[in-house]
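Below: the structure, in structure tokens.
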């Protein structure tokens, strides 16, 4: 599965309010990279997922192997007080992370690489067509215009 799709699914699972069961099944190894193990930890087992998700059970089928690097990646999210920052490779912010509501018409930067937003024609800003609840803000430096207060 492509990383963008996998991370989107896991991000949604962390705050899901309807799905009670989750499973990954494929003929090939479904989770093949350390980054995917990080997102899996976030979506299914992180503090945020335990606080907000309705998920009751998860089945990880046909996992052939789990390397030391994979397990370290998985644990880096589980053991973090700031898992979103671990996932995006950003540092802790000056302003405490929090849940917010994204107002209609607000722009979203959605692609990060090595802790920096990727700003180019390939990754356009997304505009919210309606208000979006439960948006997590993090790594806010208190100065940029990324997060309006």
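Residue numbers (our numbering): 1085 to 1233. Cβ atoms here follow ideal geometry from the backbone N, Cα and C, with glycine treated the same way.
With fewer than 16 other CB atoms across the displayed protein chains lying within 10 angstroms of its CB, residue 1140 is exposed.
Here the segment 1137 to 1152 does not lie against the segment 1170 to 1190, with fewer than 3 beta-carbon pairs under 8 Å apart. Non-local beta-carbon contacts of residue 1211 in its own chain, meaning distances under 8 Å to residues more than five positions away in sequence, involve 1189, 1190, 1191 and 1192 in chain order.
Here DSSP, grouped into helix, strand and coil, assigns residue 1186 to strand. Using a Cβ distance threshold of 8 Å, residue 1171 and residue 1219 do not count as a contacting pair. Listed as beta-bridge partners of residue 1143 by DSSP are 1107. Residue 1120 and residue 1106 have their alpha carbons spaced roughly 16 Å apart.
The beta carbon of residue 1221 sits closer than 7 Å to the beta carbons of 1181, 1182, 1184 and 1231 from its chain, once the five residues preceding and following it are set aside; these are given in chain order. The beta-carbon distance between residue 1128 and residue 1097, rounded to whole angstroms, is 6 Å. This is short enough to meet the 8 Å contact definition.
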